[in-house]
Structure formats: C-alpha cells, structure tokens
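Visitor:
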Amino acid sequence: MRLVQFQTGSDGPRIGLEEKDGGNVTDLNAFDPSLPRKMREFLEEGDAALAVARRAQESGQHILPRSQVTLLAPITNPGKVVCVGLNYSDHCREQNMKIPEEPIIFSKFPSSITGPYDEIIHPAESNEVDWEVELAFVVGKKGKHIKESAAMEHVVGFMVAHDVTARDWQLKRNGNQWILGKTFDTFCPLGPAIVTKDSVTDPHKLGIRCKVNGELVQDSNTCQMIFKTQALVAWVSRFVTLFPGDVFLTGTPPGIGAFRKPPVFLKRGDVVQCEIDQLGALRNKVV
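Using this note's numbering, you'd call the opening residue of the sequence shown number 3 and step up by one each time.
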C-alpha cells in the first residue's frame, strides 16, 4: 500500500491510499470516519488501522481523481527525524573518508518537513544550499533496545526524502555542528507516499537518483548503505525509545554539489527531483 496525507481544497489533512505513484487516491477517512485524519495518529493505531486501509483498498470505494487531490508530506508531525551521515560506501570513497564503525547520527527538526511537490525556500542566510537524495523509513511500532532480528517488526514502510543542506552552516559555522545547516524550514521534503514494507521487494536493492534541472547528479543503489534499516533501528533504540511516526533518513550516495569541481550549489529557480525505485519521486522548486 501507498499511504498518503492529502487535502482537497482547504479541508485540512486526510489519510489516503495512492493507487500508484501519481495515481488516484482512496479516501480512508470517507471509508471509515473513525480513523484519525493525521498519519502519526493513524500509525499509533497499529495493525488495526492498516487492516482498515486494506479493506478500503479492496472495496474500490471512495476513490478521488488525482486532479482533485493535493498531496502533503506523508507525515508532518513526527516526534523525531533521525538522520544518518556517511552511510553510503561510495559516498565515503567520494570524500576519501574511512567507513564509519558506528552510525553517525544527527537530526532535523520536524518543522523542516515539507511536501513532495512543495517549494524549498532558499534561506538568505546561506550561499551553499546542496541536495541529498535519501531513502527514509517510518517507525510503526514503539520499541526500545530492539534487536536487529526484530527490527523490521517496528518499521511500517519506506519513502523518498531530500536532506537539503546548507553546507556553509554545516561545515564552516556553529562549531561544525550539523543541525543548523540541516534544519532550515522546508529542508526536508518527504513523500510522495509511505510505501508499506510488504510492497517493497528489498529496500536495500533500490536504484536511488537525484536530478537538478533535469541533469542526473546522483545515481546509486541502496545496496551501498553501510548500516541498513535493521542496524539503524537497533542502534538508535539503544539510546531513545522509538515511537510510531518517527522518521529515519538513511544517508545519501555520491554526487552532492559540495564535492563537484568546482562546487555547485542550488539557486532560486532550480528544480530538484529525488527518486527511488518502487517508491516514487519528489519534485521541488527552489524559491
């Protein structure tokens, strides 16, 4: 299934199922008005809510034409946005960096989240805004000290993420702490859908790409991930409790603008497309 948050007109968020990437949307709140209208609360209801979604999908009812629907970020109010640095072996080679022995963890604030087709605001405070396509996954079940062997039981699905980054603030300012450079408003486009794990053949064998104004700038495969989903769930849950709706961004492959010769950064008017096989694509204009 492809779980989405959407709105029609100004009626606020609703939960739906996208038939396919770019397809029509089944209105789950019309099928069952007792369901929450926000994704985090929907996921907190666990398997019961997912079972309703499957029944709605099978019913063929309450389908809205895509032209009537505006997709929002699949989840807009997670308790955590957990990010992983230097998690692609080919990205480490690009920088002549050693493979990390443990996951490098940082965060974005939830206020950085924006929709799959919304605008990215280029902040006046930065001259070095860069792109990073990433595989994201979403927690569906609460847990602490989760074993790798049980980690996928705590994951509901996967989606595309764009870890927009102000390199000057990440690498040259604020004592080299990454968070300010990573968490400007709109610096975390997500979507277009949370693709449930049963609909993804292997999340660690997916083509992952980024295009800027139609030019391919990143082109790799999630098989290059050093710490895969199960390892990240187990590692982070050693330190903090994971809750339904928590979002993980799992790192980016090579091809970012900062390591081009000469470096290339995003400017207002650019269009960035981040895409992952089986999951779909984000398309965001920089303004």
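Backbone N, C-alpha and C define an ideal beta-carbon position, used for all residues, glycine too.
Report yes if the CB atom of F139 is closer than 8 Å to the CB atom of T254, and no otherwise.
Guide: In the sequence shown, counting from the first residue as 1, residue 139 sits at position 137. In the sequence shown, counting from the first residue as 1, residue 254 sits at position 252. Not a contact, by the Cβ cut-off of 8 Å.
Visitor: Is V238 closer than 8 Å to L107 when the C-beta atoms are compared?
Guide: Position 105 of the sequence shown, counting from 1, holds the residue named residue 107. Position 236 of the sequence shown, counting from 1, holds the residue named residue 238. Before going on, a small fix: residue 107 reads as Ile here, not Leu. In this structure, V238 lies closer than 8 Å to I107 by Cβ.
Visitor: Taking all protein chains shown into account, do 16 or more other C-beta atoms lie within 10 angstroms of the C-beta of M3, making it buried, or fewer, making it exposed?
Guide: One-based indexing of the sequence shown puts residue 3 at position 1. Burial call: buried.
Visitor: Taking Cβ to Cβ, would you say H147 is nearer than 8 Å to R240?
Guide: Along the sequence shown, one-based indexing puts residue 147 at 145. Along the sequence shown, one-based indexing puts residue 240 at 238. Going by C-beta atoms, H147 is nearer than 8 Å to R240.
Visitor: Taking the alpha carbon of I196 as the reference point, which residue from I77, A53, D49 and D34 has its own alpha carbon closest?
Guide: Indexing the sequence shown from 1 puts residue 196 at position 194. Minimum Cα distance to I196 is reached at I77.
Visitor: Can you tell me whether G117 is buried or exposed, with buried defined as 16 or more other CB within 10 angstroms of its CB?
Guide: Translated into the one-based positions of the sequence shown, residue 117 becomes position 115. It is buried - the Cβ of G117 has at least 16 other Cβ atoms within 10 Å.
Visitor: Report the CB separation of V6 from V27 in whole angstroms; it is logged as a contact under 8 Å.
Guide: The count along the sequence shown starts at 1 and reaches residue 6 at position 4. The count along the sequence shown starts at 1 and reaches residue 27 at position 25. Their Cβ separation, rounded to whole angstroms, is 6 Å, which keeps V6 and V27 in contact under 8 Å.
Visitor: Output needed for L19: all residues of its chain with C-beta closer than 8 Å, excluding positions within five of it in sequence on either side, in chain order.
Guide: Counted from its first residue, the sequence shown places residue 19 at position 17. Cβ neighbours of L19 beyond the five flanking positions: M3, R4, L5, V6, V27, T28, L30, A55, A58 and Q59.
Visitor: Could you give the first and the last residue of the continuous beta strand (DSSP E) run that contains H164?
Guide: Translated into positions along the sequence shown, residue 164 becomes position 162. Residues V157 to H164.
Visitor: Count the other C-beta atoms from every protein chain shown that fall within 10 angstroms of the C-beta of N215, then say buried if there are 16 or more, exposed otherwise.
Guide: Counting from one through the sequence shown, the residue named residue 215 turns up at place 213. When all chains shown are included, N215 counts as exposed.
Visitor: Quick one: measure Cβ to Cβ for K199 and M154, integer angstroms, because I've assumed they're closer than 8 Å.
Guide: Translated into the one-based positions of the sequence shown, residue 199 becomes position 197. Translated into the one-based positions of the sequence shown, residue 154 becomes position 152. Going by Cβ atoms, the distance from K199 to M154 rounds to 7 Å, so yes, they are a contact pair.
Visitor: Check the DSSP bridge columns for V27 and list the partner residues they point to.
Guide: As a first step, residue 27 must be located in the sequence shown, where it is residue number 25. Answer is E20 and L66, bridged to V27.
Visitor: Measure from the alpha carbon of Y90 to the alpha carbon of each residue in G257, R285 and K287, then state which is nearest.
Guide: Along the sequence shown, read from residue 1 onward, the residue named residue 90 stands at position 88. Taking only the C-alpha atoms, the option nearest Y90 is G257.
Visitor: Below 8 Å on the Cβ atoms is my contact criterion, and I expect R95 with G25 to pass it. Report the Cβ-Cβ distance as a whole number of Å.
Guide: Counting from 1 along the sequence shown, the entry for residue 95 is found at position 93. Counting from 1 along the sequence shown, the entry for residue 25 is found at position 23. The Cβ separation is near 38 Å, so there is no contact.
Visitor: Let's test the definition: count the other Cβ atoms within 10 Å of the Cβ of D92 and tell me whether it reaches 16, buried, or not, exposed.
Guide: Within the sequence shown, numbered from 1, the residue matching residue 92 stands at position 90. By the neighbour-count rule (16 or more Cβ atoms within 10 Å), D92 is not buried but exposed.
Visitor: Can you list, in chain order, the residues of its chain whose CB lies under 6 Å from that of E46, leaving out five sequence neighbours each side?
Guide: Taking the first residue of the sequence shown as 1, we reach residue 46 at position 44. Excluding sequence neighbours, E46 sits near P246.
Visitor: How many Å lie between G11 and Q97 at the Cα?
Guide: Indexing the sequence shown from 1 puts residue 11 at position 9. Indexing the sequence shown from 1 puts residue 97 at position 95. About 46 Å.
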